[in-house]
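Structure first, then comments.
Residue numbers (the working numbering), protein chains in the order written: chain A, 1 to 262; chain B, 1 to 242.
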């Protein structure tokens with residue numbers, strides 16, 4: 001479904017030769033859940049943004065090749081890109097509090113991608129939004145539809161963001177640290193929800209996180225990024241229990257566990 | 001064991017809404033909290049958002065109103081906050097941020113303050129190259145080191161860590177936890193360690209308190225809590241941390 005070859009991202013504000021992403025290659029089958037882990041600044045988010053072509057050309061220079069469902073993303077036309085962004089690829093960001101518009105009710109934000117693409121009548125859009133919110137396991141979606149973001153908890157907002165992302169049945173859902181800002185018990189619920197969406201709708205998920213522990217609960221395969229490069233890829237248990245690279249070993253050792261006291 | 005902090009029948013309320021004509025609704029965020037912290041221990045406090053953890057921390061420092069009694073047996077308790085991005089004054093240099101509490105405290109002259117600031121910054125692992133930088137020129141982990149230095153500079157005996165490592169990457173979190181435990185040994189500190197990560201609590205604390213909806217659900221030693229959780233909510237937290 002997704003094939004990335006030698007992807008390079010260079011921000012124009014940085015000196016030449018200092019790339020944010022240094023020629024990475026990744027491959028994803030449809031319906032797969034791939035974890036992308038690394039620390040802040042390792043290039044995870046930049047990679048995801050390049051994928052969904054969210055990086056403005058004026059600020060970043062992107063080279064390489066991304067093939068999505070047989071389409072070469074970099075040679076696509078404006079219209080093809082628009083369709084790609086809103087309908088085939090959706091993104092869920094880390095902070096539900098800041099990625100929602102506080103002045104807009106939840107419902108219109110959930111159905112926004114349909115509105116922007118001019119799909120369906122307003123009444124059908126509303127029905128679809130309510131269905132997407134139900135799929136995201138939000139209680140009483142009819143009344144939530146008319147609420148404002150500040151009336152919802154962080155976990156509920158993140159579910160609303162997921163509803164907005166799955167309303168157009170994307171082939172690929174990119175989740176950028178979707179659980180990092182949430183309580184552990186709420187986090188657990190979101191992970192289960194993502195698993196359910198993957199199972200029932202066959203949506204491929206690219207799950208970005210700095211926490212290998214969380215990645216292990218959700219993903220089948222994982223790619224470890226460090227300073228703009230993919231240093232290790234493999235089956236999640238393989239990487240977790242038999243890491244090959246020094247960096248991966250350090251990342252795993254840093255996860256707080258119950259086998260030591262400080 | 002000598003108590004350093006005693007909390008007796010503390011209740012706290014927030015008023016929601018209300019205007020010149022109506023009183024609005026009151027929500028009780030702390031319900032009859034009783035708690036003693038002993039000198040030298042690390043007491044973990046876990047609970048979800050809205051459980052009252054932060055309100056309790058603020059009550060201890062007198063940053064919010066409460067009913068009941070909070071008895072301090074130490075002076076100048078300090079707090080380290082979660083977000084190293086918003087809790088540091090962006091206009092000040094690192095040196096100035098760490099010096100600020102001493103200026104307010106007013107006991108030392110300029111030369112003494114500078115010396116203390118330098119010692120403190122060295123203790124948290126920030127070399128001279130950082131002293132004149134502004135917060136925005138630092139990484140998240142480095143900023144949290146600055147927050148810790150600013151809290152410890154007045155030599156408190158009790159420090160409240162309110163999700164102090166929750167916003168950090170695991171590798172940075174690991175370093176900051178090591179730093180906090182080192183400072184605790186060096187300065188003989190007592191920590192109230194607020195976190196939602198039970199594994200972090202396990203590594204760092206002696207005792208734990210689990211809060212939910214403004215109440216203390218259970219209180220136990222760390223090993224006791226992990227081996228024998230008494231409430232369903234605690235079991236849920238433990239499962240999530242596996």
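Beta carbons are placed, not taken as given, at the ideal position from N, Cα and C, and that holds for glycine. Given the structure is predicted, the values throughout are model-derived calculations rather than measurements.
Answer yes or no: do residue i and residue j have a C-beta to C-beta separation smaller than 7 Å?
i: residue 168 of chain B; j: residue 127 of chain B; result: no
i: residue 219 of chain A; j: residue 33 of chain A; result: yes
i: residue 25 of chain A; j: residue 226 of chain A; result: no
i: residue 190 of chain A; j: residue 158 of chain A; result: yes
i: residue 236 of chain B; j: residue 156 of chain B; result: no
i: residue 286 of chain B; j: residue 117 of chain B; result: The displayed coordinates of chain B run from 1 to 242. Any statement about residue 286 of chain B would go beyond what the structure contains.
i: residue 17 of chain B; j: residue 212 of chain B; result: no
i: residue 178 of chain A; j: residue 89 of chain A; result: no
i: residue 9 of chain A; j: residue 62 of chain A; result: yes
i: residue 209 of chain B; j: residue 216 of chain B; result: yes
i: residue 12 of chain A; j: residue 59 of chain A; result: yes
i: residue 182 of chain A; j: residue 154 of chain A; result: yes
i: residue 247 of chain A; j: residue 230 of chain A; result: no
i: residue 87 of chain B; j: residue 147 of chain B; result: yes
i: residue 160 of chain A; j: residue 106 of chain A; result: yes
i: residue 144 of chain B; j: residue 84 of chain B; result: yes
i: residue 199 of chain B; j: residue 243 of chain A; result: no
i: residue 130 of chain A; j: residue 141 of chain A; result: yes
i: residue 228 of chain A; j: residue 20 of chain A; result: yes
i: residue 245 of chain B; j: residue 61 of chain B; result: This structure cannot speak to residue 245 of chain B, because chain B is shown only from 1 to 242.
i: residue 222 of chain A; j: residue 215 of chain A; result: yes
i: residue 12 of chain B; j: residue 29 of chain B; result: yes
i: residue 44 of chain B; j: residue 193 of chain B; result: yes
i: residue 191 of chain B; j: residue 225 of chain B; result: no
i: residue 159 of chain B; j: residue 121 of chain B; result: no
i: residue 202 of chain A; j: residue 28 of chain A; result: no
i: residue 245 of chain A; j: residue 168 of chain A; result: no
What does residue i pair with, by DSSP beta-bridge criteria?
i: residue 158 of chain B; result: B/190
i: residue 17 of chain B; result: In the DSSP output, where bridge partners are listed per residue, residue 17 of chain B has none listed.
i: residue 68 of chain A; result: A/2, A/71
i: residue 80 of chain B; result: B/161
i: residue 90 of chain A; result: A/173
i: residue 209 of chain A; result: A/37
i: residue 22 of chain A; result: A/8
i: residue 230 of chain A; result: A/225
i: residue 27 of chain A; result: A/3
i: residue 100 of chain A; result: Answer by DSSP bridge pairing: none, since residue 100 of chain A is not bridged.
i: residue 60 of chain A; result: A/11
i: residue 128 of chain B; result: DSSP, once it has assigned bridges, lists no residue as partnering residue 128 of chain B.
Taking the beta carbon of residue i as the centre, do at least 16 other beta carbons fall within 10 Å, making it buried, or is it exposed?
i: residue 104 of chain B; result: exposed
i: residue 68 of chain A; result: buried
i: residue 111 of chain B; result: exposed
i: residue 82 of chain B; result: buried
i: residue 2 of chain B; result: exposed
i: residue 5 of chain A; result: exposed
i: residue 98 of chain A; result: exposed
i: residue 173 of chain B; result: buried
i: residue 116 of chain A; result: exposed
i: residue 53 of chain B; result: buried
i: residue 20 of chain B; result: exposed
i: residue 72 of chain A; result: exposed
i: residue 106 of chain B; result: exposed
i: residue 253 of chain A; result: exposed
i: residue 223 of chain B; result: exposed
i: residue 184 of chain B; result: buried
For the ligand COA, any of its heavy atoms closer than 6 Å to the Cβ of residue i?
i: residue 224 of chain A; result: Annotation note on the ligand COA: not contained in the displayed structure, which lists no ligands.
Contacting positions in the stretch 169-197 of chain A - beta carbon closer than 8 Å to chain B: Result list: 183, 184, 185, 186, 187, 188.
Short-range partners of chain A found in the stretch 134-148 of chain B, where Cβ spacing is below 8 Å: 139, 140
Near-chain A residues of the stretch 178-204 of chain B (beta-carbon distance less than 8 Å), N- to C-terminal order: 178, 181, 196, 197, 198, 199, 200, 202, 203, 204
Residues from the stretch 198-221 of chain A in contact with chain B, defined by Cβ distance under 7 Å: 210, 211
Alpha helix (DSSP H) runs contained entirely in the stretch 112-162 of chain A, provided each spans 4 or more residues: 112-116, 122-135, 141-144
Completely contained alpha helix (DSSP H) runs for the stretch 62-124 of chain B, where each covers 4 or more residues: 94-105, 110-123
Where the stretch 147-170 of chain B meets chain A: residues whose CB sits under 8 Å from a CB there: 169, 170
Contacting positions in the stretch 138-155 of chain A - beta carbon closer than 9 Å to chain B: If the cut-off is 9 Å between Cβ atoms, the stretch 138-155 of chain A has 153, 154, 155 near chain B.
Contact residues within the stretch 20-49 of chain A, judged by C-beta distance below 7 Å to chain B: 39, 40
Within 7 Å of chain A by C-beta, residues of the stretch 41-54 of chain B in sequence order: 48, 49
Short-range partners of chain A found in the stretch 216-233 of chain B, where Cβ spacing is below 9 Å: 222, 226, 233
Entirely enclosed beta strand (DSSP E) segments - the stretch 12-59 of chain B, minimum 3 residues: 25-38, 42-46
Chain B contacts from the stretch 237-257 of chain A (Cβ-Cβ distance under 7 Å): For the stretch 237-257 of chain A, which is checked against every Cβ of chain B, the residues closer than 7 Å are 250, 251, 254, 255, 256, 257.
Interface positions of the stretch 75-95 of chain B facing chain A (Cβ-Cβ less than 9 Å), listed along the chain: none
Contact residues within the stretch 118-133 of chain A, judged by C-beta distance below 8 Å to chain B: none
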